[in-house]
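Chains as they are written, first to last, in the working numbering: chain A, 1 to 116; chain B, 1 to 116. We put the beta carbon where it would ideally sit given N, CA and C, even for glycine. Predicted, not measured: the structure shown is a model, and the values here were computed from it. Report on one structure; see the data block that follows.
Protein chains: 2
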Amino acid sequence: MERTPSHPEVSKFNLQQVLEALVDPVRRSIVTQLDTACEDIACGAFDISVSKSTATHHFKVLREAGLIRQHYVGTSRMNTLRRAEMDEALPGLLDALITPQAQGMSTSGSAGKGVA
Amino acid sequence: MERTPSHPEVSKFNLQQVLEALVDPVRRSIVTQLDTACEDIACGAFDISVSKSTATHHFKVLREAGLIRQHYVGTSRMNTLRRAEMDEALPGLLDALITPQAQGMSTSGSAGKGVA
Numbered sequence: 001m002e003r004t005p006s007h008p009e010v011s012k013f014n015l016q017q018v019l020e021a022l023v024d025p026v027r028r029s030i031v032t033q034l035d036t037a038c039e040d041i042a043c044g045a046f047d048i049s050v051s052k053s054t055a056t057h058h059f060k061v062l063r064e065a066g067l068i069r070q071h072y073v074g075t076s077r078m079n080t081l082r083r084a085e086m087d088e089a090l091p092g093l094l095d096a097l098i099t100p101q102a103q104g105m106s107t108s109g110s111a112g113k114g115v116a
Numbered sequence: 001m002e003r004t005p006s007h008p009e010v011s012k013f014n015l016q017q018v019l020e021a022l023v024d025p026v027r028r029s030i031v032t033q034l035d036t037a038c039e040d041i042a043c044g045a046f047d048i049s050v051s052k053s054t055a056t057h058h059f060k061v062l063r064e065a066g067l068i069r070q071h072y073v074g075t076s077r078m079n080t081l082r083r084a085e086m087d088e089a090l091p092g093l094l095d096a097l098i099t100p101q102a103q104g105m106s107t108s109g110s111a112g113k114g115v116a
């Protein structure tokens, strides 16, 4: 079984759309989990606390922004981080979001607006 | 005359809040104009096509996220990019947004959602 959804080419990547994808803490968590895992992850296997339909929406936003590539293995929709292509289009952006500093802040960030 | 608004300390910078500030193309433009100018710019001297009250809101969001520092010189509110402090808190993030690639995309980004 092979049903591959459409993915934008690198030349169509758009900073505005990428930032709108990454501004959401759940989507940013999906990206960092993929980056840490260094392997494909099935949609149902992420550590995210949202409903299945909400997760599906987040994966769609990430895919349409060019951040992830999705393909089916059997009935599982697998996700791959398009790391090299994103680094080519927007050098340094993903690196900046996975620094120890950024990761430390992410925790407080998703818990609420911590800055006065 | 000296009326300095409050600014967060570096230790209070928050990735979520910084990304929410930078996801707006007008605010991103203010940041890149400050980075390019390498000097303070008065609120009224930026090349942005929004009303004065909207601009004031954008400057407030940037200030509260820690991206800019504001101070008065006479009746002019001057803006300084907190580049070194932001680089300390979130290494590489501002660099990633001012690469030639990102700048090239910014134009199409602010014109609308260019990606299918």
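| query | Mapping DSSP to helix, strand and coil, what is R77/A? | reply | In the first sequence, counting from the first residue as 1, residue 77/A sits at position 77. Correct three-state label for R77/A: strand.
| field | Residue nearest to P91/B in terms of C-alpha spacing, selected from A84/A, M105/A, H57/A, E85/A | value | As a working note, residue 91/B is residue 91 in the second sequence. For P91/B, the nearest C-alpha among the options comes from M105/A.
| Does the region 1-18 of chain B come close enough to the region 81-90 of chain B that 3 or more CB-CB pairs lie under 8 Å? | yes
| If you measure from the beta carbon of D35/B to each beta carbon in chain A, is any gap under 8 Å? | The sequence position of residue 35/B within the second sequence is 35, counting from 1. Answer no: the Cβ-Cβ gap between D35/B and chain A never drops below 8 Å.
| task | Would you identify the three-state DSSP class for R83/A, choosing helix, strand or coil? | result | The count along the first sequence starts at 1 and reaches residue 83/A at position 83. Three-state result, R83/A: helix.
| query | Under a three-way DSSP split, which group does I68/B fall into? | reply | The residue given as residue 68/B occupies position 68 in the second sequence. In the structure shown, I68/B sits in a strand (DSSP, three-state: E or B).
| L62/A vs A21/A beta-carbon contact at 8 Å | The residue labelled residue 62/A in the question sits at position 62 within the first sequence. The residue labelled residue 21/A in the question sits at position 21 within the first sequence. It is a contact, given that the beta carbons lie within the stated cut-off.
| query | Which same chain residues, not among the five before or five after S110/B, have their C-beta less than 6 Å away from its C-beta? | reply | Here residue 110/B corresponds to residue number 110 of the second sequence, with the count starting at 1. Its pLDDT being 39, under 50, S110/B is placed unreliably by the model, and nothing is read from it.
| task | Show which residues of chain B have a CB atom less than 8 Å away from the CB atom of D95/A. | result | Within the first sequence, the letter at position 95 stands for residue 95/A. In chain order: G92, A96.
| message | Please report the straight-line C-alpha distance between Q70/B and A84/A, rounded to a whole angstrom. | response | Counting from 1 along the second sequence, the entry for residue 70/B is found at position 70. Counting from 1 along the first sequence, the entry for residue 84/A is found at position 84. The alpha-carbon atoms of Q70/B and A84/A are separated by roughly 38 Å.
| said: Since I98/A and H58/A should fall inside the 8 Å C-beta cutoff, what is the C-beta to C-beta distance between them, to a whole number of angstroms? | reply: Indexing the first sequence from 1 puts residue 98/A at position 98. Indexing the first sequence from 1 puts residue 58/A at position 58. Actually they are not in contact, since the Cβ atoms of I98/A and H58/A sit about 18 Å apart, beyond 8 Å.
| task | Please confirm if Q101/B has its CB atom under 8 Å from at least one CB of chain A. | result | Counting from one through the second sequence, the residue named residue 101/B turns up at place 101. Yes, Q101/B counts as interfacial toward chain A.
| said: Taking CB distances under 8 Å as the criterion, tell me whether L81/A reaches chain B. | reply: What you label residue 81/A is simply residue 81 of the first sequence in a count that begins at 1. For L81/A, the answer is no, since every Cβ of chain B falls outside 8 Å of its Cβ.
| said: Tell me the rounded alpha-carbon separation between D40/B and P100/A. | reply: Numbered from 1 along the second sequence, position 40 holds the residue referred to as residue 40/B. Numbered from 1 along the first sequence, position 100 holds the residue referred to as residue 100/A. The straight-line gap from Cα to Cα measures roughly 31 Å.
| Is R82/B buried or exposed, if buried means 16 or more other CB atoms sit within 10 Å of its CB? | Numbered from its first residue, the second sequence carries residue 82/B at position 82. The residue is buried, with at least 16 neighbouring Cβ atoms inside 10 Å.
| Whole-angstrom distance between L93/A and T54/B, CA atom to CA atom | Taking the second sequence and counting its residues from 1, one reaches residue 54/B at position 54. Taking the first sequence and counting its residues from 1, one reaches residue 93/A at position 93. Computed Cα separation, rounded: 28 Å.
| field | Inter-residue spacing [alpha-carbon to alpha-carbon] between M1/A and K52/A | value | Position 1 of the first sequence, counted from the start, is the residue given in the question as residue 1/A. Position 52 of the first sequence, counted from the start, is the residue given in the question as residue 52/A. Its pLDDT being 44, under 50, M1/A is placed unreliably by the model, and the measurement read from it follows with that caveat. If you take the alpha carbons of M1/A and K52/A, they lie about 22 Å apart.
| query | Got a sec: does the ligand MG put a non-hydrogen atom nearer than 7 Å to the Cβ of E20/A? | reply | By its list of ligands, the structure shown contains no ligand whatsoever, and the ligand MG lies outside what it can speak to.
| field | Residue of L15/B, T4/B, S76/B, Q33/B minimising C-alpha distance to A96/A | value | As a first step, residue 96/A must be located in the first sequence, where it is residue number 96. Here the closest residue by C-alpha is L15/B.
| task | In angstroms with no decimal places, state the Cα-to-Cα distance between R27/A and T75/B. | result | Taking the first residue of the first sequence as position 1, residue 27/A is located at position 27. Taking the first residue of the second sequence as position 1, residue 75/B is located at position 75. Whole-angstrom Cα-Cα distance: 43 Å.
| is_contact[A116/B, chain A] using C-beta, thresh 8 Å | Counted from its first residue, the second sequence places residue 116/B at position 116. Residue confidence for A116/B is low, a pLDDT of 33 falling below 50, so the modelled location carries little weight; the figure read from the coordinates is stated next. Interface residue, yes.
| field | Helix, strand or coil at I30/A [DSSP, three-state] | value | As a working mapping, residue 30/A is identified with position 30 in the first sequence. Helix, per DSSP.
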